[in-house]
Structures are given as C-alpha cells and as structure tokens.
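> Counting in the numbering used here, the first sequence runs from 0 upward without gaps.
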Amino acid sequence: MAEAFNHLEVEEKWRKKWEERPVNVNDGKKPKYYCLDMFPYPSAAGLHVGHWRGYVISDVWSRYKMMNGGHYVIHPMGWDAFGLPAENYAIKTGQHPSISTAENVKSIRSQVKQIGAIYDWDMELNTTDPAFYKWTQWIFVKMFEHGLAYEKEMPLNWCPSCKAVLANEEVVDGKCERCHSEVTKKNLRQWMLKITAYADRLLEGLDGLDWPEKVKKMQTEWIGRSYGAEVDFPVDGLDEKLTVYTTRPDTLYGATFMVMAPEHEMVPLLTKPEQKEAVEKYCADAANKSNVDRVQNKDKTGVFTGSYAINPLNGEKIPIWLSDYVLADYGTGAIMCVPAHDDRDFEFAKKFGLPIVQVIAKDGKEIPDMQEAYTDAVGTVINSGDWNGMESSALKMEAPSIIEKRGMGKKTVNYKLRDWVFSRQRYWGEPIPIVHCEKCGAVAVPEDQLPVLLPNVESYQPTDTGESPLAAIDSWVNTTCPKCGGPAKRETNTMPQWAGSSWYFLRYVDVHNDKELVNKEIAAKDLPVDMYIGGVEHAVLHLLYSRFYTKFLYDIGVVSFEEPFKKLFNQGMILGPKGVKMSKSLGNVVSPDDMIREYGCDSLRMYELFIGPPQQDASWDDRGIDGVYRFLNKFWNMVLANLENDVQPDEELLRIRNNMIHDITQRLNSFSLNTVVSGFMEYNNTLSEKTRQGGVDKETLKTAVTLLAPFAPHIAEELWERLGGTASVFEQSWPVADESARAVSVLEIAVQVNGKVRTTVTVPADCDKDAAIAAAKEALGDKLPANIIKEIYVPGRIVNLVAKP
RNA sequence: GCAGGAGUGGCGGAAUGGCAGACGCAUCAGACUCAAAAUCUGACGUAGGUGACUACGUGUGGGUUCAAGUCCCAUCUCCUGCACCA
Numbered sequence: 000m001a002e003a004f005n006h007l008e009v010e011e012k013w014r015k016k017w018e019e020r021p022v023n024v025n026d027g028k029k030p031k032y033y034c035l036d037m038f039p040y041p042s043a044a045g046l047h048v049g050h051w052r053g054y055v056i057s058d059v060w061s062r063y064k065m066m067n068g069g070h071y072v073i074h075p076m077g078w079d080a081f082g083l084p085a086e087n088y089a090i091k092t093g094q095h096p097s098i099s100t101a102e103n104v105k106s107i108r109s110q111v112k113q114i115g116a117i118y119d120w121d122m123e124l125n126t127t128d129p130a131f132y133k134w135t136q137w138i139f140v141k142m143f144e145h146g147l148a149y150e151k152e153m154p155l156n157w158c159p160s161c162k163a164v165l166a167n168e169e170v171v172d173g174k175c176e177r178c179h180s181e182v183t184k185k186n187l188r189q190w191m192l193k194i195t196a197y198a199d200r201l202l203e204g205l206d207g208l209d210w211p212e213k214v215k216k217m218q219t220e221w222i223g224r225s226y227g228a229e230v231d232f233p234v235d236g237l238d239e240k241l242t243v244y245t246t247r248p249d250t251l252y253g254a255t256f257m258v259m260a261p262e263h264e265m266v267p268l269l270t271k272p273e274q275k276e277a278v279e280k281y282c283a284d285a286a287n288k289s290n291v292d293r294v295q296n297k298d299k300t301g302v303f304t305g306s307y308a309i310n311p312l313n314g315e316k317i318p319i320w321l322s323d324y325v326l327a328d329y330g331t332g333a334i335m336c337v338p339a340h341d342d343r344d345f346e347f348a349k350k351f352g353l354p355i356v357q358v359i360a361k362d363g364k365e366i367p368d369m370q371e372a373y374t375d376a377v378g379t380v381i382n383s384g385d386w387n388g389m390e391s392s393a394l395k396m397e398a399p400s401i402i403e404k405r406g407m408g409k410k411t412v413n414y415k416l417r418d419w420v421f422s423r424q425r426y427w428g429e430p431i432p433i434v435h436c437e438k439c440g441a442v443a444v445p446e447d448q449l450p451v452l453l454p455n456v457e458s459y460q461p462t463d464t465g466e467s468p469l470a471a472i473d474s475w476v477n478t479t480c481p482k483c484g485g486p487a488k489r490e491t492n493t494m495p496q497w498a499g500s501s502w503y504f505l506r507y508v509d510v511h512n513d514k515e516l517v518n519k520e521i522a523a524k525d526l527p528v529d530m531y532i533g534g535v536e537h538a539v540l541h542l543l544y545s546r547f548y549t550k551f552l553y554d555i556g557v558v559s560f561e562e563p564f565k566k567l568f569n570q571g572m573i574l575g576p577k578g579v580k581m582s583k584s585l586g587n588v589v590s591p592d593d594m595i596r597e598y599g600c601d602s603l604r605m606y607e608l609f610i611g612p613p614q615q616d617a618s619w620d621d622r623g624i625d626g627v628y629r630f631l632n633k634f635w636n637m638v639l640a641n642l643e644n645d646v647q648p649d650e651e652l653l654r655i656r657n658n659m660i661h662d663i664t665q666r667l668n669s670f671s672l673n674t675v676v677s678g679f680m681e682y683n684n685t686l687s688e689k690t691r692q693g694g695v696d697k698e699t700l701k702t703a704v705t706l707l708a709p710f711a712p713h714i715a716e717e718l719w720e721r722l723g724g725t726a727s728v729f730e731q732s733w734p735v736a737d738e739s740a741r742a743v744s745v746l747e748i749a750v751q752v753n754g755k756v757r758t759t760v761t762v763p764a765d766c767d768k769d770a771a772i773a774a775a776k777e778a779l780g781d782k783l784p785a786n787i788i789k790e791i792y793v794p795g796r797i798v799n800l801v802a803k804p
C-alpha cells in the first residue's frame, strides 16, 4: 500500500524549504514580469475565501510566468492601512489606530502567507508608514507647486453620520457609500486636485491598454467628454447675455425657452419684481432638497423669472425659467431648451405649456401633434431659416463653427469629470503638507521637512464643525512659515484613503529608498505593472486616480511611462452559498483557515479556480472542494504507484503527454483557469487508467507535475523530488508540446443523416472525402438512405449525408 | 431610461458553426466492512421501449445553414454600471 498523501506535512515541509531557498530570485539577467494584486485593507475581520481568489489567480499567473519565459516575477504585497475602520475603532476604544492597524496587519499577513504564494516580503509596504507617506506627501507638494492642488470654498457632500465631507464618488444614490445616511451640503474650504487638467489624456490613454472593455467604457463615461458649443443669448431689455452649453446647436432655431439652475449667479439679476417671491421660494426649496430628492424625484418643477432672452438666430423672445433639473456645475449652469428634440425639455414644455417647434423632420415630415420628443439627429432641417434643407447630422458637426463665425458663441468641449475633493476632516490619514501663513498664504512644507508626521491626539472623534481632530492640537497646529519664518498654522485636513493607493505600485520595486520616491534606473527596469489583478469595484476611482498620478509623475520626470497598468484582470466575487454577498452581518463568511486545515492549501487553491470562470462571480459551496481534494489524492497515488516502474513511453503515452502540455498551456494562456483544473482531472483519469494497464513513464509524470506546479505548488514540489527531480520544480522551464507526437493515425468521426447522428465510424486520420463517405455509408448499413443529394465531410469531425425524404 | 454581461441536467459548469451536457458536486446501486467513514466500480437531461433504440432537449418566437448553445432579427428574465451631464 502506497503512502497516503498528508497535505499538512507536505505543505509545511515546502513552506520551510522555500523560505530557506526562494524560487523566485532576481539575478539581474532574467526578463522581469510585474504581477500585482490590489493590496488589501488590513481589516480586523481577516480574509475570507473571496479575497483568496484574486491572490490565487495572481500567484498561478506569476508562477506560470516564472516558468514560461524564465521571468523574474515582481509579485509584492502590502497594506492600504489608512481609513475609517481603524479610526472608528480608536474612537470606541481609545487605542491608537497605529496599534490596531499593526495588529491587523500581523494577522492578515499570516493569513496571506497561507496561500503559499511567491510574494516577495522584502518589498512589503504599508501606506501608514511615515517612510511611505513621506512620498505620498511629496507628490502632493509637487502637485501644489504645479498648480494642480488648490483650495476652494465650496458646497460639499456632507455625511452627518460620518461627520465628514465625501467625494462625489463616495455618494451613491444621494447616500453615503459607507453608512447609507442621506448626504447633505455644507460649505467648506477644501483641497482639490485638478484631475480635469488630465481629462483628455486619461481618455486617450485608454486606447492602448489591454484592459476589459467594460472598465475602459466605465472610465470613458466617467470622464464624459462631449463636443458642442456655448451660445450667447442676449437678455431682452438688459445689456447682459445668458450663455448656455449645448451639444445640439443644430437645433438652435427650435429653442423656445431657457432654463437656469437655481444656483445660477444671474438669477437675482434676471428675476422680475412680480416673480421675486416665487423665484426666491423655489431657490430656497431647491437648496433644502437633499440629493436623494433631487436625484430620485424626476418630476419636473420650475418657475418663470419674468425675463426673456433673444434667440440669436431668429431674434425671437423666449422666456427664461428656473429648474433644478439643470445642474449648476456642468456646462454654464443654464441651457437652451428645444422641447421638440429633447425628452427633458419636452416634459418641461408640456407641464408648463411652453411652445414646441420641430426643427428636424422625422421621416421627411413634420409631426402634427407631438407626443414625445424626436431626439435623433437624423433628418432634414426645417423651420430654421437659412439652415432649412440641411441634413441635421451634418449640421450638428458644423453648427459650432457657424455660431463661432457669426459671433454668437464658441465651440466647446465639456466633461462630466470634476476636480477631485482631496481633503478629509478625519484623523487617520496622511496630513496634508501645507502651512498657512498670514503673509504668504498656503505654503508647501519643504521636502527636507517631510514627512509631516501624524501627531497623537487625545480624541479621535471627528467634530461636527467640519474640522479635523488635528485642529485641537495647538502645539502641532502652530508652527512657523517655511518661507518668511513668521507665525503660521498647519493644515489640519488629511488626505483620502485613495492617496496612498494611487501610487503604491511604483514604490514596491524600491521600497527602502529614503532619497527618492523610486530610483530612476530601477523604475526603468522594473516598471510598469504588466498584470494587475483585482475586483471590478475599482474600475473607476482607484484606477483613474492611479492613472492620473502616474501621468503627473511622468510629467515631472519621476517615471518614464504614462500608463501604470498594461494589463488588467478583474476576478469575479465569491458569494455566499445562496448567491448573496458574503458579510459578517449575514453570518455567511467562509474563512479559508478551516479549509486549509482540513483539505490543505493546494486543494483550496485549485478549488478557488475550479469554482467557475475567473472573471465571473461564483457561489461558494463547501462540498465542491471535495472534488479537487480527491483529485490531488488520486494524482498523488497515481504518481507514487509508478515510482518503482521502469516503463518506456509508447506512442500513446507520448501522445497523452504532449496533448496534456498543449491543452493545459492553451487554457492557461486564455486564462480559462477553471478548465485547466478540469483538464488535470481528465488527464489524471487517463494516466490512472494507464497505470492500471501497465504503468506510466517517468518523463510523462515529471511533465504532469511540472504543469501542475503553478496550481498546487506544494504537492508538485514533493512529487518532483520523489521523481528524482533536481532543485525545485519551479526551476524547470515550461514544457513545450511536440506536435508530431500528438498526431493520431485513426480517429472516430460521427456519421449523420440529414444532420442527425446515426452512427460513428473509425477512419484513417489522413483519409480523403471519398474514402470517408464510403466508410460512413458502409457503417450505416441498412440505415443508408436512398436518395442522397449531398455529401458533406468535415475532416476529423463528421460526415453528413443529405437525403430527400 | 441608456450601456454592458448572462440565461445549458438537481447544482457549479464544458463545448475554434460539426456527436450538447466534458470535468466535478449531489443522488442512487454495487464491492470492501460486524458496521460506519474513507476508498473502488457502475448508473445518472426528459419521455417511450425488456432491449439494441426512438423522439424531444441549451429562456421564448422567428431566420440563415447540409449542420446552430454558438451566427442574424425580435422578445422575456436576471445581474452589473451610469443615470436630469443639455
């Protein structure tokens, strides 16, 4: 009886051996491959099997790249450790966040080590480490010096529960992303990053990236570039003009009214005395409306200002209204309304009885009694003076220039992307390295004084005045101006959690450098990231911010590339058993720890892959892991059963071996990792059968073990050793299939009559059509139909005889 | 509303236009065992037939093709993202 597979012993043994003698080393000669995981937040809850999935995928890929192509693989791990949970814990317990964070890092690190991945722990980093956040602050200073970081007093999303300002991105359906409280507005001085200055480059850079189309599209829509024109409408009776932004200047003749946002600065100017009361009431209501109401209640409301504008093209007087469906901070905060060709304007016109003038013919006609807007820009232009008879789609392109030439406005590009609200009124984040001096204004802390260390405070509680807890530490706040030496106060806001994660991937490769963010030579050699693996939840924010930072660092000469992540892979989420998200409150969180004890790391790794296509969500099923556990045991027994054999490979064994190399490699290359696992199972079934029939040769076994190594590294190393392999299986280069050995002499093909399979027949592999048809007819025997009108032969696949009924 | 993605056995899923359901889970039967677990062998889409077999079958309705889960048109459902951006 062969020795049973003891996963605990085998895994323990190789874990130690790899620690003594790492398999992934940089000898300076190998080509590099940088495979990055999205680094985790070290939460107290620890890892669940869902976190594991991405890490397993990236480790399999890293090990494969190491063996195939002989790469030195940069595969680091770190901690995105600033953030609210640590701070909230501090508020509750009084324990400093750095202590709870360190504890969490310690326990998560040991969990991550269970994966058996080839992480290089010398590169480990932590965003809360002053040696790291020195450079997070340094980047901010550089942005400040380049005019990309600026202060602005503005109404901001305020979460009354978290007592913090939220970025637009943190507001979901008008509610706080974290606590789901309704978000209100509050006027505060904020630090902003001018990401909009990079809008075009962020958009255009997407083209060359090997990213999922879905993610590129999401970023494209987030940036939301549109082309159109700003058009000036003179105000009747005043020496003023109201400027609007439109993407449809071709419909300008159809503008029958205008609408301004209630916050528009010209509202008081344009309000006539008789409308004053109504307008003021409307504006007050709008200001009090929560985001939820404004977003969810799409019924149109509005009020007339009493003023009229002049349509610059036809001189017609059109009324100016106010409505909260017009956004104050997009375009000019005012629009021209063409109800015939815009759904929202149509709804508004119907509700308030405003005229509707069709300017694009639908199917060549004017619609007699419009029931809905005709929004396509397809058709002949009508009711439009000198534009009549033009094709609307062509006019749409030309109109901005025409308007510009006539002095009525100008061509304009607009973006949905807004500048990034970068300050947070919280404790547990990087202090913004700015000093406010009465004489000099905002002054950056000089580089040699970085990092600005986060001081200890007594109370971590955020204040409802909107000030950070740091503001309470007088000794820290009061300082001297680096420029003039006079009295000055430190900035008390901190950075958002995104700050560290926007550039951490650049730091891993030179993590101990205290002179530079990253050494130029090292960066040139080791960066950028070749493969980035993580959840799709970071499709927009983290990835957009990272691209923005990288482009900025490129501009100031820190790195030599503009795009940080060449290839991106989004793994699907692991859901709880009933297809619902795993969460502590639902009590359906599956911990990897018990699984590893019972089945071993290799089994869990393979099951994480076997559970389904890696990019697709999957429901965890505890029983499913039995399948891969049994497979590994069978594979172990199969190899051990052949250890004493001295079998020479026959043609069939050679074919099996080479088919196995071919199939596994192909599936791996196409990232079909679930079918790689099923492929191993199939080949193991075949090899087990061969074992019973007389044995399997050593070379085939070694090949199988080598192919399995990236997936189940521990058992593969152990079997490699027992097969007499030298060094580590990971020092083997990836097997290459011998195509000639895969060839077969005969094969079985299906025989169809009228597309239905009737029988099968074995034919020589190189058999021609006539011979195949003849063999098929013979195999059919008395089922051969009489009136055959067509004969089809697909080599190696099928014969189809088409007969008249 | 708009944009993407997905609908295949009891379940997870597999299938360059060419024998649908590989591989695995669960289930059932058998072997081993005093017994159980583990392990091994076999069955396992639905309906009909003792049977070799026959018919039907990839959300629904059409179409293209010798041949459709796969391509085209329409339609339903679910998931994800965006959502008054003029």
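Ideal Cβ positions, reconstructed from N, Cα and C, are used throughout, including at glycine.
1. Going by DSSP, which residues form a beta bridge with Y149?
2. So the candidates are A3, G27, H50 and E150; which of them puts its Cα closest to the Cα of V434?
3. Cutting at 7 Å between CB atoms, please list the residues of its own chain near G578, excluding the five before and the five after it.
4. So, E86 versus P75, is the Cβ gap smaller than 8 Å?
5. My output table needs one value for Y281: the three-state DSSP class, helix, strand or coil.
6. Using the Cα positions of L208 and K566, report the straight-line distance between them to the nearest angstrom.
7. Have a look at P712, P399, G93 and G484 and flag the residue whose alpha-carbon is nearest the alpha-carbon of C436.
8. Run through the stretch 693-753 for me and flag every whole beta strand (DSSP E) of 3 or more residues, listed as ranges in chain order.
9. Output yes or no for whether 8 Å exceeds the beta carbon distance between Y40 and G82.
10. Would you give the residue range spanned by the beta strand (DSSP E) that E790 belongs to?
11. Distance check for Q614 and A198, CA to CA, integer angstroms please.
12. CB-CB under 7 Å to H263, same chain, minus the five flanking residues each way: which ones, in chain order?
13. Which ranges does the beta strand (DSSP E) cover as unbroken runs of at least 3 residues, wholly within the stretch 18-63, from first to last along the chain?
14. For L124, which of helix, strand or coil comes out of DSSP?
15. Alpha carbon to alpha carbon, how far is V111 from V456? Give it in angstroms, no decimals.
16. Run through DSSP, which three-state label would F568 get?
17. What residue range does the beta strand (DSSP E) around H435 cover?
18. Are the stretch 227-235 and the stretch 406-419 touching, with three or more C-beta to C-beta distances below 8 Å?
19. Exposed or buried, which one is L416 when buried takes at least 16 other CB atoms within 10 Å?
20. Indicate the three-state DSSP secondary structure (helix, strand or coil) for T242 in the structure shown.
21. Let me know if Q113 comes out buried or exposed under the rule of 16 or more other beta-carbons within 10 Å of its beta-carbon.
22. Roughly how many angstroms lie between the CA atoms of W17 and A441, to the nearest whole one?
23. Mind checking which residues open and close the beta strand (DSSP E) that includes T411?
24. Are the Cβ atoms of E107 and L201 separated by less than 8 Å?
25. Leaving out five residues on either side along the sequence, give the residues of the same chain with a beta carbon under 7 Å from the beta carbon of S821.
26. Which residue or residues does DSSP assign as beta-bridge partners of Y531?
27. So, helix, strand or coil for G440, using DSSP?
28. Thinking C-beta only, is D616 closer than 8 Å to L574?
29. How far does the beta strand (DSSP E) with K316 in it extend, from its first residue to its last?
30. From the DSSP output, which residues share a beta bridge with D209?
31. Once you ignore the five residues that flank L700 on each side, which residues in its own chain have a CB closer than 7 Å to its CB?
32. In the DSSP assignment, what residue or residues form a beta bridge with E181?
33. If you measure between the beta carbons of F710 and R629, is that distance less than 8 Å?
34. Helix, strand or coil, according to DSSP, for T491 in the structure here?
35. Evaluate contact between the stretch 747-765 and the stretch 679-692, counting only Cβ atoms and requiring at least three cross-stretch pairs below 8 Å.
36. Which value, in whole angstroms, describes the spacing of the CA atoms of M530 and H661?
Judging by the given coordinates:
1. Counting from one through the first sequence, the residue named residue 149 turns up at place 150. The partner list for Y149 (beta bridge, DSSP) reads M191.
2. Counting from one through the first sequence, the residue named residue 434 turns up at place 435. The residue with the shortest Cα to Cα distance from V434 is E150.
3. Reading the first sequence from its first residue, position 579 is the one you call residue 578. Same-chain partners within the cutoff: S618.
4. Mapped onto the first sequence, residue 86 falls at position 87. Mapped onto the first sequence, residue 75 falls at position 76. No. Outside cutoff.
5. Here residue 281 refers to the residue found at position 282 of the first sequence. Reduced to three states, the DSSP call for Y281 is helix.
6. Here residue 208 refers to the residue found at position 209 of the first sequence. Here residue 566 refers to the residue found at position 567 of the first sequence. Approximately 7 Å, taken between the alpha carbons.
7. Here residue 436 refers to the residue found at position 437 when the first sequence is read from its first residue. Selected option, being the one with the closest Cα: G484.
8. 745-752
9. Within the first sequence, residue 40 is the residue found at index 41, counting from 1. Within the first sequence, residue 82 is the residue found at index 83, counting from 1. Yes, the Cβ-Cβ distance between Y40 and G82 is below 8 Å.
10. By one-based count along the first sequence, residue 790 stands at place 791. I787 to V793 is the extent of the beta strand (DSSP E) around E790.
11. Within the first sequence, residue 198 is the residue found at index 199, counting from 1. Within the first sequence, residue 614 is the residue found at index 615, counting from 1. Each residue's alpha carbon lies about 29 Å from the other.
12. Stepping through the first sequence from its first residue, residue 263 is reached at position 264. Closer than 7 Å at the Cβ level, and outside the excluded window around H263, lie A327, G332 and A333.
13. 31-36
14. Working through the first sequence from its first residue, we reach residue 124 at position 125. Correct three-state label for L124: strand.
15. Position 457 of the first sequence, counting from 1, holds the residue named residue 456. Position 112 of the first sequence, counting from 1, holds the residue named residue 111. Taking the straight line from one Cα to the other gives about 32 Å.
16. Here residue 568 refers to the residue found at position 569 when the first sequence is read from its first residue. Strand, per DSSP.
17. Locating residue 435 in the first sequence gives position 436, where the first residue counts as 1. Note, H435: beta strand (DSSP E), I433 to C436.
18. yes
19. Along the first sequence, read from residue 1 onward, the residue named residue 416 stands at position 417. Classification for L416: buried.
20. In the first sequence, the residue the question calls residue 242 occupies position 243. Here T242 sits in strand by DSSP.
21. Numbered from its first residue, the first sequence carries residue 113 at position 114. Label assigned to Q113: buried.
22. Here residue 17 is taken as the residue at index 18 of the first sequence, counted from 1. Here residue 441 is taken as the residue at index 442 of the first sequence, counted from 1. In a straight line, the C-alpha of W17 is about 52 Å away from that of A441.
23. The residue labelled residue 411 in the question sits at position 412 within the first sequence. Where T411 is concerned, the enclosing beta strand (DSSP E) stretches over G408 to N413.
24. The residue given as residue 107 occupies position 108 in the first sequence. The residue given as residue 201 occupies position 202 in the first sequence. In the sequence as displayed, the identity of residue 107 is Ile instead of Glu. No, these two residues do not count as a Cβ contact at 8 Å.
25. Residue 821 cannot be examined here, being either before or after the span of the chain that is shown, 0 to 804.
26. Translated into the one-based positions of the first sequence, residue 531 becomes position 532. Per DSSP, L35 and L567.
27. Indexing the first sequence from 1 puts residue 440 at position 441. DSSP places G440 in strand when its eight states are reduced to three.
28. Along the first sequence, one-based indexing puts residue 574 at 575. Along the first sequence, one-based indexing puts residue 616 at 617. Yes; because the gap between Cβ atoms is below 8 Å, this pair is in contact.
29. Residue 316 sits at position 317 when you count from the first residue of the first sequence. Element bounds for K316: K316 to L321.
30. To locate residue 209, count along the first sequence from 1; it is residue 210. Looking at the DSSP assignment, D209 forms a beta bridge with K566.
31. The residue labelled residue 700 in the question sits at position 701 within the first sequence. For L700, where only same-chain residues beyond five positions count, the Cβ hits under 7 Å are V638, N641 and L722.
32. Here residue 181 corresponds to residue number 182 of the first sequence, with the count starting at 1. Partner(s): K174.
33. The sequence position of residue 710 within the first sequence is 711, counting from 1. The sequence position of residue 629 within the first sequence is 630, counting from 1. No.
34. Here residue 491 refers to the residue found at position 492 when the first sequence is read from its first residue. Correct three-state label for T491: coil.
35. no
36. For the purposes of this step, residue 530 is taken as the residue at position 531 of the first sequence. For the purposes of this step, residue 661 is taken as the residue at position 662 of the first sequence. The alpha-carbon atoms of M530 and H661 are separated by roughly 23 Å.
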